[in-house]
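Trainee: Residue numbers (our numbering), protein chains in the order written: chain A, 1 to 336; chain B, 1001 to 1336; chain C, 2001 to 2347; chain D, 3001 to 3347.
Starting off with a structure, shown below.
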Amino acid sequence: MKSKTFAQAIDMALAQAMADDPNIIILGEDVQMLRVNLFSRFGRDRVRNTPISESAFVGAAVTAAMAGLKPVVEVMLVDFIGVAMDAILNHAAKVNSFSGGKWQVPLVIRAACGGGYGDGGQHQQSLWGWLAHIPGIMVVVPSNPADAGGLMLTALEHAGPVIYLEHKLLADYWLDYMGIGDRKTVTFDVPPNGARGPVPDKLSPVPPGKAAVRQKGSDISLVGVGVGVHRCLQAAGSLKTKGVAAEVIDLRSVSPLDIKAICESAEKTGRVLVVDEDYREFGLSGECAAVIMEAGIRAKYARVCTNDTIPYSRDLEEKTLPNTERIISAALSLMS
Amino acid sequence: MKSKTFAQAIDMALAQAMADDPNIIILGEDVQMLRVNLFSRFGRDRVRNTPISESAFVGAAVTAAMAGLKPVVEVMLVDFIGVAMDAILNHAAKVNSFSGGKWQVPLVIRAACGGGYGDGGQHQQSLWGWLAHIPGIMVVVPSNPADAGGLMLTALEHAGPVIYLEHKLLADYWLDYMGIGDRKTVTFDVPPNGARGPVPDKLSPVPPGKAAVRQKGSDISLVGVGVGVHRCLQAAGSLKTKGVAAEVIDLRSVSPLDIKAICESAEKTGRVLVVDEDYREFGLSGECAAVIMEAGIRAKYARVCTNDTIPYSRDLEEKTLPNTERIISAALSLMS
Amino acid sequence: MQPDLWELYSLMYKSRLFEQAVKKLWNDGKISGEMHLAIGEEAVAAGIVSHLKEGDAMALDHRGTPQMLMRGVDPVSLLCELLGKPEGLCGGMGGHMHLFSEQHLAASSGIVGSSGPAAVGFALAAQHLRPGAVAVAFFGEGAMNQGMMMESMNLAATWKLPVLFVCKDSKIAITTVSSSVTSGSLFNRAKSFNIPAKEIDGTDVEMIWLAAHKAIDEARRGEGPSFLLAHCSRPEGHFLGDPLIRITKNPLKEMKDMAPALLKSILKPKGAAVRERTESLSSVTSILGQTTKAQFFNFNDPLDMTRKELKSDKNRLEQLEEKIEQEIKQIVINALNGNTDNKKAVT
Amino acid sequence: MQPDLWELYSLMYKSRLFEQAVKKLWNDGKISGEMHLAIGEEAVAAGIVSHLKEGDAMALDHRGTPQMLMRGVDPVSLLCELLGKPEGLCGGMGGHMHLFSEQHLAASSGIVGSSGPAAVGFALAAQHLRPGAVAVAFFGEGAMNQGMMMESMNLAATWKLPVLFVCKDSKIAITTVSSSVTSGSLFNRAKSFNIPAKEIDGTDVEMIWLAAHKAIDEARRGEGPSFLLAHCSRPEGHFLGDPLIRITKNPLKEMKDMAPALLKSILKPKGAAVRERTESLSSVTSILGQTTKAQFFNFNDPLDMTRKELKSDKNRLEQLEEKIEQEIKQIVINALNGNTDNKKAVT
Ligand SMILES: Cc1ncc(C[n+]2csc(CCOP(=O)(O)OP(=O)(O)O)c2C)c(N)n1
Ligand SMILES: Cc1ncc(C[n+]2csc(CCOP(=O)(O)OP(=O)(O)O)c2C)c(N)n1
Ligand SMILES: [Mg+2]
Ligand SMILES: [Mg+2]
């Protein structure tokens, strides 16, 4: 186990897999610079720069996957996925079903997501719950380096299409490009254990659809994903000083959702607070409520999410994205 | 009040509004034939055929709305909205917020939705819960002619973007084009009171975000939208013979969601069954669970939704879309 | 090289009879949803698909039955799929707009324009895994205005991918005359991406075969994509039950439903000026007129042209047609009974 | 007609100083996120925006500060918006990629290619509501490969909409040399949609003004869209803090972080052949080389060219520059204090 950054762990997973499987290729805008280490090792045929034509190259990645390649197609920021949505909604997600289960689409769609660095509402969305609504795709969101590497392997091994989202506050190079730009005059609320942490020397895949309990507790379940997990852990620290023992669940995979983990924790604590950087309505937080109610578990429930378009101004942004204070105050309300 | 078809009521609402407001225009593929009555009355400048270029013309409709027109832009089937998703996700829904609340996008996006006529998984989706996830857009789904006309007026009067979805089993011309094709050899489960019904001589808008209680009952709340409402009503009839008094709520508007109506009914009956033709996970059914739990209401809950890509074969399709039998059996489970 | 006209004719005739059988089954209510026939486009399909071999791929749109059939997909399992049977090519899950055969690297989609990216992806895989193999995209002239199609042309040309873009120009997209919504020529549009383009009579299977031969050959040799613009006409309309066809075939009956509302709309106060209203009406009439024309007068049947040449050996032609007719009859019977080759293979 | 070079120079100089002030504020940490400057593109903005009047519209991309400023948006409220202040043009909600002014019918977006549809919609509204008004779309050469941009060109040409499509060719999109992902010439691409196209030196404000004059005039008279392809260079890179610029400016420091991992990757077993690895490396070096060149050697400053002409009246020039410098200083002070015109107007 060495300490590595979130970004290094993903690169490592890709390098490990690409060395073993010559059919893995990377496609996307600027990938020859973004993945310069992979480009210089695997060459321009396997790390291909594309034109700014997301609908064509994501669509192409779908059939390339059907015809024997294993493309990792990058759409840079998940916000830009709207341009390529048809390829995901009507093709990647449906071919297996349309073919009567006979034809697979082993495709990884990779994108950076999330906010907290003042880049405005068109570049800081999360959208994981939105994407997970479409049957037929897996959606994973790592919260630390070991999972970032492990979930990339999970994605690469999965027989169907996977959307792999890396949060910009965790991936140091994204934050550098989009937020820091070599300045010492700006600061961001980067979760240190998310951006850097121990990573095994040889990575292995995280089991699909398996949440991780990051902290045990008996009073309230904080359920989150990505950066949200770290906000929950921080909130749990404060709650502890107020005598509240919070359990923190890192979903890791939005779809499939680890219903068992959510329900077991809900059953135990009787209080569930979902922390979701994606939009509040019709998304992950609602789905968590549904699986709890479906299981017949009686629990108090609240959610701290992004309620609206994310504002540009750092002040307003801070209030809009789920922050530790909002989590603490929602948790305390549930306790009372 | 005359008896009119669902489609006639929409045409009537548009004709009424277009006569009063010269800034209303209709854009989309084949609209000169699809809206032939409006075309022949209002001419080719106000009813414009487009090329098959959804991303351009939906995007154009956004700024046309910003610059003084009131476009009703048609994407034919909601399934095709993937191609134009960026215009909705990152533009229509966000301009008002980006401009600091200073600039409005009074746009109606109209599409046919829903299945039940054997057209396969790329032409029968509902997607209302998916679209409602995006903050900044209203999503309405009428279930009968009077509401079809009224909600079109609601959409036209709304200051922001509205997605207006008409179900193909209710709109006779869609069903004729896509399913019947002048054949006497096919039958479809068309809800008669949805496809035809009394419509006031002068239409007025339905209040935004207001559900309608279609049937009162004290044992269980059946919550649905579009064709689902009729399936609920039919199920309620059967349940009555089994001694179960079901309340049926027609949401009419998915976003904003009538939380009050859902919660009042849930509180009263203590049992909620959401019937949703859109995909089950991360959508409307989950959101209903969330608002009930957020309100601290203890209720039993279940959902009957579309769980997967919709199959082509009529048999398999029938089992996949929410049908009356599935509703009855889920309701009875909740009763026990 | 010269095409084998007998082989091409047999592909076309088989496809024609197959689709005529499909029409009957659809009319009988045994096939659901929108059924898009490609009657009139057989020469384009045959002239191109006859070049394909193992490892080559096809990206099809909503009108892809002939290509699947000609490529060698088991016809009974194909028909079973249209019938929505579990024995179908896709177990009844896909239906006529979503025909998939992994073995033939053949994929379909009902999303207009998506055969562009699909062919690019197939060709990319070919470049990596099956050098010398090609991918063909079939689509209509309406699809040329779809952004992803234009992006795909740029992408294929940039990466010198082995793609043959085949645009079947029916002049109409559902009810919209494509020239009224298209600026510039499609031929020049393709050429502007630096893609060699050829415009061709879509009913002349020999010419198509030759053009495809050249284009596919170049693609196999790594010289990149080509574009074929083939003009066809399509007497069965956009899909079975096409309202335009219904009106032109049975104006009295259909107009009875349509006319009163139309008349009322035209006479209503408030709205466009009288002149503009008249223009609207005449544009509706003109589409109906074009539909009639395309159907009854303008239909250059690609089969007729070839049949004329083959008539020199009348006996052989009669035998061939007879054989194919029997084949199709048997296919229909087997499909209705669910006796697919697949099934036989399994049991 | 001839342009007023003094007016154009004053627009350009103001924009230059404004963006230099933005750069400083960004470096000071007062502006967040990705800040895309348009230094080097001032002639394109000035030569075109100076033609616009009430009722005309602008659709901007991620690099639209100069156009907003030149169009007459209150500079203090503009700067306040970049600073994320409540006094900003959009109350701090939009930021530098989302500048909106309803009064000027000016809208921005960070989605590459979306200024195409946006200009089409503005022009459609103009055709209905403000005959004679026009809409301008500004975008980069990278955006020309975005499907919606190509669709928009077809749509504008089909509907004969008053759109001026302005492509600022910086030759690069973030780190990708656009010619390496673009097939055919953009000039021919535009022409293939039947849109009159003109290629032009993007540093020559006089030529741009004249070309825009003609194109906008035609658009106002209902003759439809035009396309201008203007070549510019952009010394500030893609955005402030651009890693490519950093490496070229400070190779020792930046390479210290980058080189070890790169070297390790290149030497790892399993992967491409040595020759291909060397090719990768040299293509990285070549992008860095091009960045350096664009920055230090190839930068044709559009201001220099005009200044040279105006030097004939040296006094007037000095006075003008002095005045603008003062103005910008005051704008920065006011913005930092939140004293916008809006605010004054309200209180
Ligand atoms: C993205 C998308 N938009 C619209 C449609 C509806 N639609 C189906 S076929 C068709 C016309 C296609 O015309 P063309 O490409 O010329 O093919 P043809 O039907 O004439 O063979 C349209 C608009 C669709 N399926 N997908
Ligand atoms: C749809 C979409 N894809 C990708 C991006 C990321 N992106 C931002 S700017 C840019 C390059 C644009 O290049 P060009 O159009 O030439 O404009 P320039 O930045 O050179 O002025 C890219 C790829 C985006 N914002 N939107
Ligand atoms: Mg056509
Ligand atoms: Mg550029």
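Note that beta-carbon positions come from the ideal geometry of N, C-alpha and C, so glycine has one too.
Counting along the chain, where does the beta strand (DSSP E) carrying C:L2037 start and finish?
Mentor: Where C:L2037 is concerned, there is no enclosing beta strand (DSSP E), given that its DSSP letter is neither H nor E.
Trainee: The stretch 41-67 of chain A: which residues have C-beta closer than 8 Å to a C-beta of chain C, in chain order?
Mentor: Within the stretch 41-67 of chain A, the residues whose Cβ lies closer than 8 Å to some Cβ of chain C are D45, R48, T50, P51, S53, S55, A56, F57, V58, G59, A60, A61, V62, T63, A64, A65, M66, A67, listed in chain order.
Trainee: Taking the straight line between their C-alpha atoms, what separation do you get for A:P22 and C:G2222?
Mentor: Spanning the two alpha carbons is a distance of roughly 21 Å.
Trainee: For A:D30, is the beta carbon positioned less than 8 Å from some heavy atom of ligand 4?
Mentor: Every heavy atom of ligand 4 is 8 Å or more from the Cβ of A:D30, so no.
Trainee: Distance check for D:L3011 and D:D3004, CA to CA, integer angstroms please.
Mentor: Their backbone Cα atoms lie some 11 Å apart in a straight line.
Trainee: Can you grab the Cα-Cα spacing for the pair C:A2335 / C:C2080, in whole Å?
Mentor: Their Cα atoms are separated by approximately 5 Å.
Trainee: Would you check if the distance between the CB atom of A:R389 and the CB atom of A:G118 is smaller than 9 Å?
Mentor: The structure shown does not extend to residue 389 of chain A, since chain A is modelled only from 1 to 336, so the question has no answer here.
Trainee: Just the chain A side, please: which residues come within less than 9 Å of B:A1112 by C-beta, in chain order?
Mentor: What B:A1112 touches in chain A: nothing, since even the nearest Cβ is about 16 Å away.
Trainee: I'd like to know whether the C-beta atoms of B:A1112 and B:H1167 end up nearer to each other than 9 Å.
Mentor: Their beta carbons are under 9 Å apart, which means B:A1112 touches B:H1167 by this criterion.
Trainee: Are at least three pairs of beta-carbons, each pair with one atom in the stretch 1044-1052 of chain B and one in the stretch 1187-1194 of chain B, less than 8 Å apart?
Mentor: In short, these stretches do not touch, since the Cβ pair count stays below three.
Trainee: Thinking A:Q124 and A:I259 are a contact (beta carbons under 8 Å), I'd like their distance in whole angstroms, please.
Mentor: With 8 Å as the limit, A:Q124 and A:I259 do not qualify as a contact, their Cβ atoms being about 29 Å apart.
Trainee: Let me make sure I understand the geometry here. Which of D:E3321, D:A3157, D:A3156, D:P3117 has the alpha-carbon closest to that of D:Q3146?
Mentor: The residue with the shortest Cα to Cα distance from D:Q3146 is D:P3117.
Trainee: According to DSSP, is C:V2346 helix, strand or coil?
Mentor: Summary for C:V2346: the model assigns pLDDT 41, below 50, so the residue's position carries little reliability, and this model does not support an answer.
Trainee: Between the C-alpha atoms of D:K3314 and D:V3049, what's the straight-line distance to the nearest angstrom?
Mentor: Cα to Cα, the separation comes out at about 26 Å.
Trainee: Less than 9 Å between CB atoms is the rule here; does B:M1293 satisfy it with respect to chain A?
Mentor: So, interface residue.
Trainee: Compute the beta-carbon to beta-carbon distance between B:Y1312 and C:G2094, rounded to the nearest angstrom, for a pair I have assumed lies under 8 Å.
Mentor: Confirmed, about 6 Å.
Trainee: Exposed or buried, what is B:F1387 when buried is set at 16 or more other beta-carbons lying within 10 Å of its beta-carbon?
Mentor: In this structure chain B extends from 1001 to 1336, so residue 1387 of chain B is not present and cannot be described.
Trainee: Would you mind reading off the limits of the beta strand (DSSP E) that contains C:C2167?
Mentor: Where C:C2167 is concerned, the enclosing beta strand (DSSP E) stretches over 2163-2169.
Trainee: Name, please, each residue of chain B whose Cβ falls closer than 8 Å to the Cβ of D:P3117.
Mentor: Going along chain B in sequence order, the residues near D:P3117 (Cβ under 8 Å) are S1055, A1056, F1057, V1058, G1059, A1060, V1062, T1063, A1087.
Trainee: Just to confirm, does C:I2172 get its C-beta within under 8 Å of one of the non-hydrogen atoms of ligand 3?
Mentor: Within the cutoff, so yes.
Trainee: Which residues in the same chain have their Cβ closer than 6 Å to the Cβ of B:D1276, if we skip the five residues on either side of it in sequence?
Mentor: Closer than 6 Å at Cβ, skipping near neighbours: L1284, S1285, C1305.
Trainee: Under 7 Å between beta-carbons, which chain B residues line up against A:A302? List them in chain order, please.
Mentor: Near A:A302 (Cβ distances below 7 Å), the residues of chain B are E1294.
Trainee: On the DSSP bridge list, what partners appear for B:S1221?
Mentor: According to DSSP, which records beta bridges pairwise, B:S1221 is partnered with B:E1247, B:V1272.
Trainee: If you reduce the DSSP assignment to three classes, tell me which class B:K1300 lands in.
Mentor: B:K1300: strand per DSSP, three-state reduction.
Trainee: Near B:P1256, which residues of its chain fall below 6 Å by C-beta distance, leaving aside the five closest residues on each side in sequence?
Mentor: For B:P1256, where only same-chain residues beyond five positions count, the Cβ hits under 6 Å are G1209.
Trainee: Leaving out five residues on either side along the sequence, give the residues of the same chain with a beta carbon under 8 Å from the beta carbon of A:L332.
Mentor: Around A:L332: L239, K242, V244.
Trainee: Between which two residues does the beta strand (DSSP E) harbouring D:F3227 extend?
Mentor: Unbroken beta strand (DSSP E) run through D:F3227: 3226-3231.
Trainee: Who are the near neighbours of A:Q234 in its chain, counting only those whose CB is closer than 7 Å to its CB and skipping five residues on each side?
Mentor: Only T324 meet the Cβ criterion.
Trainee: State whether the stretch 2041-2048 of chain C contacts the stretch 2325-2339 of chain C, with contact taken as three or more CB pairs (one from each stretch) at a distance under 8 Å.
Mentor: No, they do not touch.
Trainee: Report buried or exposed for D:Q3067, applying the criterion of at least 16 other Cβ atoms within 10 angstroms of its Cβ.
Mentor: Per the 10 Å Cβ criterion, buried.
Trainee: Suppose the cutoff is 6 Å on Cβ atoms and the five residues either side in sequence are ignored; what does the same chain contact list for C:E2102 look like?
Mentor: Same-chain partners within the cutoff: there are none.
Trainee: Is it buried or exposed, D:E3318, if we count other Cβ atoms within 10 angstroms and call 16 or more buried?
Mentor: Result: exposed.
Trainee: Just mark D:D3028 as buried or exposed, buried being the case when its beta carbon has 16 or more other beta carbons within 10 Å.
Mentor: Exposed: under 16 other Cβ atoms inside 10 Å.
Trainee: Scan the stretch 3051-3113 of chain D and note each continuous beta strand (DSSP E) run of 3 residues or more that stays entirely inside, going in chain order.
Mentor: Correct list: 3057-3060, 3106-3108.
Trainee: At a cut-off of 8 Å, would you count D:G3142 as near ligand 4, judging by its Cβ distance to the nearest heavy atom?
Mentor: True, at least one ligand heavy atom lies under 8 Å from that Cβ.
Trainee: Take the Cβ of D:Q3326 as the centre, count every other Cβ of all protein chains shown within 10 Å, and call the residue buried at 16 or more, exposed below.
Mentor: Answer is exposed; the Cβ neighbour count stays below 16.
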